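Engineer: For reference, the structure I am asking about is given below.
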Amino acid sequence: MAKVYNFSAGPAVLPHAVLAEAQSEMLDWHGSGMCVMEMSHRGKEFMEIIHDAEHDLRELMQIPKNYKVLFLQGGASLQFAMLPLNLLGDKKSIDVVNTGHWSKLAIKEAKRYANVNVVASSEDRNFTYVPAEETWQRDPDAAYLHYTSNETIGGLQFPFIPSSANGVPLVCDMSSDFLSREVDVSQFGLIYAGAQKNIGPSGLTVVIVREDLLGKALPSTPTMLNYQVHADADSMYNTPATYPVYIAGLVFKWLKELGGIKGMAARNDEKAGLLYHAIESSNGFYYSTVDAPFRSKMNVVFRLKDESLEDTFLSEAKKNGLVQLKGHRAVGGMRASIYNAMPIEGVKALVSFMMDFARQHS
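Anchor point for the sequence shown: position 312 equals 312 in the numbering used here, and the numbering is continuous, going up by one each time.
Here it is, written out as structure tokens:
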């Protein structure tokens with residue numbers, strides 16, 4: 001089998017060790033005689049899997065006891081609707097920071113249910129920076145403040161956690177940098193993340209919500225979109241995404257073995273540093289599209305000065321086992337997603353190829 005380094009933005013690369021373990025357990029999980037995909041979600045075997053997954057995630061993130069961990073479905077996109085339905089309560093508006101594609105989609109969906117106050121936007125400079133927090137125009141009576149910590153498409157990442165002014169709960173879409181760096185969960189009212197970047201395969205969404213924010217769903221909220229329903233049922237109100245939960249649990253154990261989130265953050269810093277250095281030292285052959293303080297350590301977006309070479313770059317990269325480097329259709333260019341599971345060897349291989357390509361085509 002040809003070896004490739006997969007730089008896809010999602011569904012994304014999974015740890016080799018996790019895939020190997022899943023392969024070894026495919027036909028028989030722990031002597032049960034069953035594959036996880038065919039287990040009853042009510043059986044003791046799967047109950048052990050989902051409880052272990054929650055336990056390990058709580059340990060990794062040091063999640064306080066007054067927070068519920070929910071394993072849901074529908075991706076981060078469904079959360080765009082679930083958030084206002086559950087957290088608006090008797091309020092009329094929500095605050096949102098607009099820093100890119102996914103922020104805009106969250107805003108569009110939230111407008112169905114509430115007045116949306118865009119506290120700050122970097123659209124004036126094509127989402128290349130995060131507006132300084134002191135310039136944000138907050139609504140002191142907002143139900144919550146929402147932001148996207150890492151914009152997967154634009155390659156922009158918040159280098160700070162916003163303050164929770166006036167007691168307004170902080171809500172964050174962490175889909176593409178979840179578990180990649182340490183965060184203080186107690187600073188948030190709610191964190192959510194689609195699995196297919198840093199957690200596991202698509203089909204699973206993790207929600208971490210402070211208990212005092214539960215029980216406020218609008219009367220029109222469908223049962224399946226009510227956080228309280230899922231919290232009361234320990235994520236088992238209906239059949240959960242059983243196999244993605246299982247893989248996520250293996251990923252959590254893998255992270256613990258590598259030194260937890262602190263250890264992973266150091267690895268991510270090193271990987272991103274190597275790649276951005278290659279871009280910056282190319283004498284303009286490559287260039288980043290994001291201001292330096294806000295460049296993502298998960299999704300490195302860059303362009304070639306001579307855009308006519310981009311197709312050649314992608315074709316040659318693929319021949320060298322470097323795949324899924326094409327930027328999102330909305331922005332073009334290149335995008336190297338270097339999530340937790342991307343080994344440093346993959347980044348080194350990409351950097352070596354980039355240097356060779358630049359020498360050949362300069």
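We put the beta carbon where it would ideally sit given N, CA and C, even for glycine. No experiment lies behind these values; they were computed from the predicted model shown.
For Gly-259, tell me which candidate among Leu-204, Ile-94, Asn-126, Leu-179 has the shortest Cα-Cα distance.
Structural biologist: Among Leu-204, Ile-94, Asn-126, Leu-179, the Cα nearest to that of Gly-259 belongs to Leu-179.
Engineer: Once DSSP output is grouped into helix, strand and coil, what is the label at Ile-191?
Structural biologist: Three-state result, Ile-191: strand.
Engineer: Can you tell me where the alpha helix (DSSP H) with Phe-313 in it begins and where it stops?
Structural biologist: Phe-313 -> alpha helix (DSSP H) spans 310-319.
Engineer: Is the CB-CB distance between Gly-100 and Thr-148 below 8 angstroms?
Structural biologist: Going by C-beta atoms, Gly-100 is nearer than 8 angstroms to Thr-148.
Engineer: Closest by CA to Pro-169, which one among Gly-31, Asp-95, Val-130?
Structural biologist: Taking only the C-alpha atoms, the option nearest Pro-169 is Asp-95.
Engineer: Use the C-beta contact count for Phe-377: other C-beta atoms within 10 angstroms, 16 or more gives buried, fewer gives exposed.
Structural biologist: As displayed, the chain neither begins before 1 nor continues past 362, which places residue 377 out of reach and without an answer.
Engineer: Tell me, please, whether the segment 324-332 touches the segment 180-193 by the rule of three or more beta-carbon pairs shorter than 8 angstroms.
Structural biologist: As far as the Cβ criterion goes, the segment 324-332 does not touch the segment 180-193, which means the pair count is below three.
Engineer: I need the boundaries of the alpha helix (DSSP H) containing Ser-77, first residue and last residue.
Structural biologist: 75-87 is the extent of the alpha helix (DSSP H) around Ser-77.
Engineer: For my contact list, Arg-267 and Tyr-287 are in at a C-beta cut-off of 8 angstroms; report their separation, rounded to the angstrom.
Structural biologist: With a Cβ gap of about 25 angstroms, Arg-267 and Tyr-287 do not count as contacting.
Engineer: Does the beta-carbon of Ile-49 have 16 or more other beta-carbons within 10 angstroms, so that it is buried, or is it exposed?
Structural biologist: So Ile-49 ends up on the buried side.
Engineer: As an exercise, report each continuous beta strand (DSSP E) stretch of at least 3 residues that is fully enclosed by the segment 131-179, in chain order.
Structural biologist: Within the segment 131-179, the complete beta strand (DSSP E) runs of at least 3 residues are 145-148, 170-173.
Engineer: Following the continuous beta strand (DSSP E) through Leu-72, name the residue where it begins and the one where it ends.
Structural biologist: Looking at the DSSP string, the run of the beta strand (DSSP E) that includes Leu-72 is 67-72.
Engineer: Let me confirm a value: Ala-317 is counted as buried when at least 16 other C-beta atoms fall within 10 Å, else exposed. Which label applies?
Structural biologist: Answer is buried; the Cβ neighbour count reaches 16.
Engineer: Would Thr-152 be called buried (16 or more neighbouring beta carbons within 10 Å of its own) or exposed?
Structural biologist: With 16 or more other Cβ atoms within 10 Å, it is buried.
Engineer: Asp-291: buried (16+ other C-beta within 10 angstroms of its C-beta) or exposed?
Structural biologist: Exposed.
Engineer: In chain order, what residues of the same chain have a beta carbon less than 7 angstroms from the beta carbon of Ala-336, not counting five sequence neighbours either side?
Structural biologist: Excluding residues within five positions, the ones whose Cβ falls inside 7 angstroms are Phe-7, Leu-275, Val-300, Leu-325, Leu-350.
Engineer: How about Lys-305 and Gly-273: are their beta carbons less than 8 angstroms apart?
Structural biologist: Result no, Cβ atoms of Lys-305 and Gly-273 do not sit closer than 8 angstroms.
Engineer: Measure the alpha-carbon distance for Lys-111 versus Arg-359 and round it to whole angstroms.
Structural biologist: For Lys-111 and Arg-359, the distance between alpha carbons rounds to 50 angstroms.
Engineer: With DSSP run on the structure shown, which of helix, strand or coil describes Met-354?
Structural biologist: DSSP places Met-354 in helix when its eight states are reduced to three.
Engineer: How far does the beta strand (DSSP E) with Leu-304 in it extend, from its first residue to its last?
Structural biologist: Looking at the DSSP string, the run of the beta strand (DSSP E) that includes Leu-304 is 299-304.
Engineer: Drop a sphere of 10 angstroms on the beta-carbon of Arg-295, count the other beta-carbons inside from all chains shown, and report buried for 16 or more, exposed for fewer.
Structural biologist: By the 10 Å Cβ count, Arg-295 comes out buried.
Engineer: Taking all protein chains shown into account, decide if Asp-269 is buried (16 or more other Cβ within 10 angstroms of its Cβ) or exposed.
Structural biologist: Exposed: under 16 other Cβ atoms inside 10 Å.
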